[in-house]
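**Student:** First to last, the protein sequences are chains A, B, C and D. Residue numbers for the first sequence follow my numbering, beginning at -12 and rising by one. Residue numbers for the second sequence follow my numbering, beginning at -12 and rising by one. Residue numbers for the third sequence follow my numbering, beginning at -12 and rising by one. Residue numbers for the fourth sequence follow my numbering, beginning at -12 and rising by one.
Protein chains: 4
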Amino acid sequence: MSEPRELRARGRDTRRRLLDAGATVLASKGYHATRVDDVVKVAQTSHGTFYLYFSNKEELFRALAAEVAQEMQALAEKMEPLRAGATGRARLQRWIRQFVELYRRHGPVIRAWTEAEIGGSEFGRLGTDMLTQFTSVIVTRVDEVAPPDLDPTIASLVLVAMFERLNYYALTNQVRVEPDAIAETLARVAHASLFGG
Amino acid sequence: MSEPRELRARGRDTRRRLLDAGATVLASKGYHATRVDDVVKVAQTSHGTFYLYFSNKEELFRALAAEVAQEMQALAEKMEPLRAGATGRARLQRWIRQFVELYRRHGPVIRAWTEAEIGGSEFGRLGTDMLTQFTSVIVTRVDEVAPPDLDPTIASLVLVAMFERLNYYALTNQVRVEPDAIAETLARVAHASLFGG
Amino acid sequence: MSEPRELRARGRDTRRRLLDAGATVLASKGYHATRVDDVVKVAQTSHGTFYLYFSNKEELFRALAAEVAQEMQALAEKMEPLRAGATGRARLQRWIRQFVELYRRHGPVIRAWTEAEIGGSEFGRLGTDMLTQFTSVIVTRVDEVAPPDLDPTIASLVLVAMFERLNYYALTNQVRVEPDAIAETLARVAHASLFGG
Amino acid sequence: MSEPRELRARGRDTRRRLLDAGATVLASKGYHATRVDDVVKVAQTSHGTFYLYFSNKEELFRALAAEVAQEMQALAEKMEPLRAGATGRARLQRWIRQFVELYRRHGPVIRAWTEAEIGGSEFGRLGTDMLTQFTSVIVTRVDEVAPPDLDPTIASLVLVAMFERLNYYALTNQVRVEPDAIAETLARVAHASLFGG
DNA sequence: TATGAATGAGATTTCATTCAT
DNA sequence: AATGAATGAAATCTCATTCAT
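Given below as structure tokens:
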């Protein structure tokens, strides 16, 4: 079914259009409220074509998620060791700035994970896994520097939690905050929690 | 329609059962996937009865949300001024401990807000409003003590973000973390970000 | 889902109407070509109602098949020992006459089994099982009287084959044959094949 | 459309491959469940190509049926006059043996006729016609020898019914019966019904 | 106050056939 | 002669809401 047929240029284009349309609709309606109908309308194609490329709605989002997961994984691995001092904080801030950028581009998909988590769909599990994996890299870094009385796992979860959620607030709510301000504040709080003020 | 008819004891009981059932189902399936059918099954009553008490599905969740909103408002107002030092941190931790407890009881509804936010339902807006209101109290407290180079609004958002999300992770994911450990870590990070290590 | 809810008189009536409608449509269109739409039209009800009683199309036919299977089983068990001579043949003929009657009433369902057999649906398997069971009773009777050089199993299959198919031809094709003539010829051929002319 | 264009060797080959694929799929899925998609996959060609050779799905099956019909007609005409006695029976058995062989090769198509009969498709009618024609030859032979109190038409239908169905049972059901055993039993029963034991 | 039954709009999915290269 | 891609009509199924008792 979903056995990835060899695609010619046109086919690849259509598939891409469907993926992009999926992301767009996801952004405005959320996972559960997204209709295949909306997606094909945005992609300017037909129902039939949709099922030519994805065997169902969930698969479209899995494909979308896989793309994002890959980027997140890559970003996680780019995180350098944490360091005290202004230089260390600046370095952390630069990394967070990239996270903000990534969230800006893929926030809808990441949010959709969360939404799908509840109810135990395949897709939701993918999100949980991603977060877990992402966090585990952070744990490594935190572990290297955390004071002995701070549990590195919980601390890392706190960091990921605030990274993710603040970006979420910034993206959805009226709260108009500049990406740089976000990154700065996050870096400051994260750094302070590990190395003190 | 929804103008609360005078209810006898039996009626009040049925209504209560429906609300509780709503919360239960919300917890396991999330907002969009919750079916009236599930709710009435759990409440051990019928479709017809449901619509005797709520004019539609959304109204049930609004009622549920109103209850939670009230508790959150009360908790926010109980937040005392923030103080440096071990005593200040301990006091903050006690307050956070109460938040953890509240989240433990009402997490599903809070999560559902988030889920419903996307797509712009009435219910979703209610959640946004709640968070905004809740945050605004925090802002007041943070404003009293934040160093001049820290934006109190963003900082407060960071705090709310990490409060909410860490609890969320703790409640959904496999991550088995004790309520007290959560409160402690959150208090520590929050305190450090405002007063230094 | 299909857990047989307790049905009140009205519900039982609707369910019955759907079953009868199913049999009617089956008769005119066959299994694969039958549309839920046709069924509900004949039953004078709605799509929604259909799925209140059967969780899908196949289940309707399974229910129908179960009813027929029960009648067939009962008829098989009513078959008396086979005997040579005019009396024996007359007795066999009376039994076959009942089979003809049964086929006249339930032919469409029996035919649908055959149609569904190919492709391996649940429903198809039910048909195979029924035939097997039905045949096995015949085998018992044939075994009591068959000459030593006649394999009772194959012989019984031949009998069942001609019983079923002749009725089928009579019911579908233009071939206008009277039920009594069918029963007589079948009895004659069956009797001759076991006891000679 | 379907007016057979002059085909070069390559075209003939493709057409043949499609016909064979059609028979294969028919065998495993039955008429109604056969998809053009399955056929072209087995034939290792494309949708577009399919419609180059057949103007629609039904036409493929008509072509297939025509081939089988021709063989059946030929076999029917090869049936020699029926005779009493061991020699006559042996002769009949040899003919039936050929029928078994034919059914073994073309059973799927013959079964598909039956399946398609219901619902009144062109293809189904073709099957009915074929059976009628086939039976009419048998009637001629039976008429020559049937005792006066046996209706030759019904008797012939009985014979055809048991020929067809027993082979069908043997081919589909688990019933493992040897071709020779089938032919022998069929010959015995048929012969007995006409000439006595 | 309660409830079993019914409804129908709308969502997903399938597949024969046509198109464009 | 061949084929990858596209289409859209039609089918199945879901579920919030209303009805009738």
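Where a beta carbon is used, it is the ideal one built from N, C-alpha and C, also for glycine.
Give the residues of chain D in contact with C/Ser180, contact being defined as C-beta atoms less than 8 Å apart.
**Tutor:** From the beta-carbon of C/Ser180, the residues of chain D found nearer than 8 Å are Arg175, Val176, Ala179, Ser180.
**Student:** Looking at the C-beta of D/Asn160, does it have a partner C-beta in chain C at a distance below 8 Å?
**Tutor:** yes
**Student:** Say whether chain C places a C-beta atom closer than 8 Å to the C-beta of D/Lys28.
**Tutor:** No, its Cβ sits nowhere closer than 8 Å to a Cβ of chain C.
**Student:** Counting C-beta neighbours from all protein chains within 10 Å, is the total for C/Ser(-11) 16 or more, i.e. buried, or is it exposed?
**Tutor:** Caution is warranted here: a pLDDT of 38 is assigned to C/Ser(-11), below 50, making its placement in the model unreliable, and no coordinate value can be reported.
**Student:** From D/Arg78 to C/Val126, what distance separates their C-alpha atoms?
**Tutor:** If you take the alpha carbons of D/Arg78 and C/Val126, they lie about 28 Å apart.
**Student:** Would the region 173 to 180 of chain A and the region 62 to 81 of chain A be scored as touching if the rule is three or more Cβ pairs under 8 Å?
**Tutor:** Taking 8 Å as the limit for Cβ pairs, the verdict is that the region 62 to 81 of chain A does touch the region 173 to 180 of chain A.
**Student:** Indicate whether C/Gly9 and C/Leu47 have their beta-carbon atoms separated by less than 8 Å.
**Tutor:** yes
**Student:** Buried or exposed: which applies to D/Gly183, given that a residue is buried once 16 or more other Cβ atoms fall within 10 Å of its Cβ?
**Tutor:** D/Gly183 sits exposed, since fewer than 16 C-beta atoms from the chains shown fall within 10 Å of its C-beta.
**Student:** I'd like the ranges of any alpha helix (DSSP H) spanning at least 4 consecutive residues and lying wholly in the region 122 to 175 of chain C.
**Tutor:** List check, alpha helix (DSSP H) in window: 139 to 159.
**Student:** Compare the beta carbon distance of A/Val164 and B/Met149 with 8 Å and say whether it is the shorter of the two.
**Tutor:** no
**Student:** Relative to the C-alpha of C/Thr11, which residue among C/Arg98, C/Leu137, C/Pro135 is closest?
**Tutor:** C/Arg98
**Student:** Thinking B/Leu181 and B/Leu69 are a contact (beta carbons under 8 Å), I'd like their distance in whole angstroms, please.
**Tutor:** 6 Å
**Student:** What do you get for D/Glu102, buried or exposed, if any count of 16 or more other CB atoms within 10 angstroms of its CB means buried?
**Tutor:** Buried is the call here.
**Student:** Which residues mark the beginning and the end of the alpha helix (DSSP H) in which D/Ala63 is found?
**Tutor:** Counting along the chain, the alpha helix (DSSP H) containing D/Ala63 begins and ends at 44 to 64.
**Student:** Quick check on D/Gly183: does DSSP put it in helix, strand or coil?
**Tutor:** coil
**Student:** I need the straight-line Cα distance from C/Phe121 to D/Ala56, nearest angstrom please.
**Tutor:** 32 Å
**Student:** I'd like to know whether the C-beta atoms of A/Arg152 and B/Arg152 end up nearer to each other than 8 Å.
**Tutor:** yes
**Student:** Go ahead and pull the three-state DSSP assignment for C/Gln31.
**Tutor:** coil
**Student:** Could you check what DSSP says for B/Glu88 in three-state terms: helix, strand or coil?
**Tutor:** helix
**Student:** Give the DSSP-derived three-state secondary structure of B/Ala103 in the structure shown.
**Tutor:** helix
**Student:** Spell out whether any CB of chain B is found under 8 Å from the CB atom of A/Tyr90.
**Tutor:** Taking 8 Å as the CB threshold, A/Tyr90 stays off the interface with chain B.
**Student:** Would you say C/Arg84 lies against chain D (beta-carbon separation less than 8 Å)?
**Tutor:** no
**Student:** For B/Ala142, decide whether its Cβ has a neighbour in chain A, counting only Cβ atoms nearer than 8 Å.
**Tutor:** yes
**Student:** Under a CB-based cut-off of 8 Å, is A/Ser(-11) close to chain B?
**Tutor:** With a pLDDT of 38 at A/Ser(-11), under the threshold of 50, the modelled position of this residue cannot be trusted; read the value that follows with caution. Cβ-Cβ to chain B under 8 Å: no for A/Ser(-11).
**Student:** Would you identify the three-state DSSP class for A/Asp7, choosing helix, strand or coil?
**Tutor:** helix
**Student:** Name the chain C residues that come within less than 8 Å of D/Leu137, Cβ to Cβ?
**Tutor:** Thr172, Arg175
**Student:** State yes or no: is the beta carbon of D/Tyr38 nearer than 8 Å to at least one beta carbon in chain C?
**Tutor:** no
**Student:** Under 8 Å, with one C-beta from each stretch per pair, do the region 129 to 148 of chain D and the region 134 to 142 of chain C reach the 3-pair mark?
**Tutor:** no
**Student:** Measure the C-alpha to C-alpha separation of C/Ile85 and B/His19 and round it to an integer number of angstroms.
**Tutor:** Per the sequence shown, residue 85 of chain C should be read as Gln rather than Ile. Whole-angstrom Cα-Cα distance: 56 Å.
**Student:** So with CB distances below 7 Å, who are the chain D contacts of C/Lys16?
**Tutor:** Ile105, Gly106
**Student:** Only counting the same chain, and skipping five residues up and downstream in sequence, which positions put a Cβ closer than 7 Å to that of B/Val96?
**Tutor:** Ala10, Leu13, Leu51, Ala52, Val55
**Student:** Buried or exposed: which applies to C/Ser108, given that a residue is buried once 16 or more other Cβ atoms fall within 10 Å of its Cβ?
**Tutor:** With 16 or more Cβ atoms within 10 Å of its Cβ, C/Ser108 is classed as buried.
**Student:** So, at 8 Å on beta carbons, what are the nonlocal neighbours of A/Phe41 in its own chain, with the 5 sequence-adjacent residues on each side left out?
**Tutor:** Ser(-11), Leu5, Leu47, Ala50
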